[in-house]
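Q:
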Amino acid sequence: MLYLIPAAALAAALVLLRPLFGSPKAPHARRRLLANGGVFAVSALLLVALSVGAAAAEPAAAGEAAAAAATAAASGSGLGQGLGYLAAALATGMSCLGAGIAIASTAPAAIGAFSEDPKAFGKALIFVVLGEGVALYGLLISILLINSL
3 MLYLIPAAAL AAALVLLRPL FGSPKAPHAR RRLLANGGVF AVSALLLVAL SVGAAAAEPA
63 AAGEAAAAAA TAAASGSGLG QGLGYLAAAL ATGMSCLGAG IAIASTAPAA IGAFSEDPKA
123 FGKALIFVVL GEGVALYGLL ISILLINSL
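Under our numbering, think of the first position of the sequence shown as 3, with each following residue one higher.
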């Protein structure tokens, strides 16, 4: 199972790179695609190497593991707290990603509308600010999640 997920991701990347070996219309696109594929391949190989290294590390003794579990249970940390922090990080990250996508499409349109009609500045700015609001709501949710842990 350790090798299955990275191997599937690498196979999917190779399938996506198949059109690259045809006759590309733009030479810069081919170079960019090769660079992205190379970075992905190196990342996948590092993921496999580091996960194998972590799996091969010497396991803790049974007594040490039991003591660590008792300490974690006594201090209130554990799986629930870790998943709470993960949820907070995902709330912030995904909302910022969505805000970036929204702003990437609305900001150029707002600039174009403003250049044609200066009276449209206020209306165009509202749509850009709505995209920023998504990121702020995600940050607010993550702050509430962290405070409840």
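Beta carbons: idealized from backbone N, C-alpha and C, even for Gly.
Any idea if I2 is buried or exposed, counting beta-carbon neighbours within 10 angstroms, 16 or more meaning buried?
A: Nothing in the structure corresponds to residue 2, since the chain is present only between 3 and 151.
Q: Under the rule that 16 or more other beta-carbon atoms within 10 Å means buried, what is V44, buried or exposed?
A: Looking at its Cβ environment, which holds fewer than 16 other Cβ atoms inside 10 Å, V44 is exposed.
Q: Pull up the distance between the alpha-carbon of F42 and that of I103, whole angstroms please.
A: Whole-angstrom Cα-Cα distance: 22 Å.
Q: May I ask you to report which of helix, strand or coil DSSP gives G80?
A: Coil.
Q: Mapping DSSP to helix, strand and coil, what is L47?
A: Note: L47 maps to helix in three-state DSSP.
Q: Could you tell me how far apart the beta carbons of A122 and F116 are, in whole angstroms, since I believe they sit closer than 8 Å?
A: 6 Å between Cβ atoms; contact.
Q: Going by CA-CA distance only, name the one from E118, A126, L88, A101 that's closest to A112.
A: It is A126 whose Cα lies nearest to the Cα of A112.
Q: Within 7 Å: the Cβ of A122 and any heavy atom of the ligand GDP?
A: With respect to the ligand GDP, the structure shown offers nothing to examine, as it has no ligands at all.
Q: If you draw a straight line from the alpha carbon of Y5 to that of L49, how long is it in whole angstroms?
A: So the alpha carbons of these two residues sit roughly 10 Å apart.
Q: Just the Cα atoms here: how many angstroms apart are A15 and I7?
A: The straight-line gap from Cα to Cα measures roughly 12 Å.
Q: Of the residues G114, L52, S144, L81, which one's Cα is nearest the Cα of K96?
A: The question names Lys, but residue 96 in the sequence shown is Met. Ranking the options by Cα distance to M96, first place goes to S144.
Q: In three-state DSSP terms, what is Y5?
A: Coil, per DSSP.
Q: Can you check which of these residues, G39, R32, A89, is closest to N149 by C-alpha distance?
A: Of the candidates G39, R32, A89, the one whose C-alpha sits nearest the C-alpha of N149 is A89.
Q: Less than 8 Å between the beta carbons of Y94 and G133, yes or no?
A: First, the residue type needs correcting, since residue 94 is Thr and not Tyr in the sequence shown. No, these two residues do not count as a Cβ contact at 8 Å.
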